[in-house]
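Q: All residue numbers in the sequence shown are consecutive under the numbering used here, ending with 569.
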Amino acid sequence: DLSYFLCGWPQELFSRAKGAQDWHKYGSVFTGVGMTAAGTAFSYYANWSSPGNFGLEINTNHRRLQLSPIEKLQQKLIGERAFSDVDIDYDLDERFKPGIFEMVKCFLFEPTNDGLLKIEQQVENCNLYDAMRTGKTDGI
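1. Please state if the CB of G437 and the CB of T469 are separated by a distance shorter than 7 angstroms.
2. Is DSSP giving D520 helix, strand or coil here?
3. Could you give the first and the last residue of the continuous beta strand (DSSP E) run that contains I487?
4. Give a yes or no on contact between the region 441-456 and the region 491-508, applying the rule of three or more CB pairs nearer than 8 angstroms.
5. Measure the C-alpha to C-alpha separation of T541 and N554 and round it to an integer number of angstroms.
6. Can the beta-carbon of Y474 be found less than 7 angstroms from the beta-carbon of T460?
7. If I follow the unbroken beta strand (DSSP E) through L435, where does it start and stop?
8. Taking 6 angstroms as the limit between beta carbons, can you name the residues of its chain near F530, skipping five residues before and five after?
9. Is E500 helix, strand or coil by DSSP?
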C-alpha cells in the first residue's frame, strides 16, 4: 500500500502470481500492472524465492527516485548516470526503526491524520491485496 499511498489508488489492475512457498501456497513470484484513478501507470514485481530487499522506484519527467533500501532516498536526474543520495534529515529513522517514531506520534497525538488509514478503509483494501496475493485479477 506504500506505492498506492504515493501514486494513487488503482482503478485498473492486472496481476499474476506463480510458484509457492511452504508458508504461502498462492505464490512466490508476483507481477502486476495497472492505472490509478489519476491516470498514473504503475507496475510491480516481487520474487520471494530470490535474494534481495524491498524497494520502490518512482519516475517523473525530471528524475527517477529510488527507495532501495526503503530507508534511504536516492535520485537520478536527467542526464546523470548514477543515483545520488537526497540530502534529507534521517535523524529519527537512524535513532528508531525507520518510520516508527512518526507513526506512533500519529497514533497517539493525531488520530484524525489523513496519512493513517481507518480500519474500514483497510477492510475495503483487502479485496485488492487478496487479488495481488493470489494473482487472480483480470482488470479490477
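Beta carbons are placed, not taken as given, at the ideal position from N, Cα and C, and that holds for glycine. Because the structure is a prediction, the values reported are computed rather than measured.
A: Quick look at the numbers:
1. yes
2. helix
3. 485-488
4. no
5. 19 angstroms
6. yes
7. Looking at the DSSP string, L435 is not in any beta strand (DSSP E); the run it does join, the alpha helix (DSSP H), is 431-436.
8. L521
9. coil
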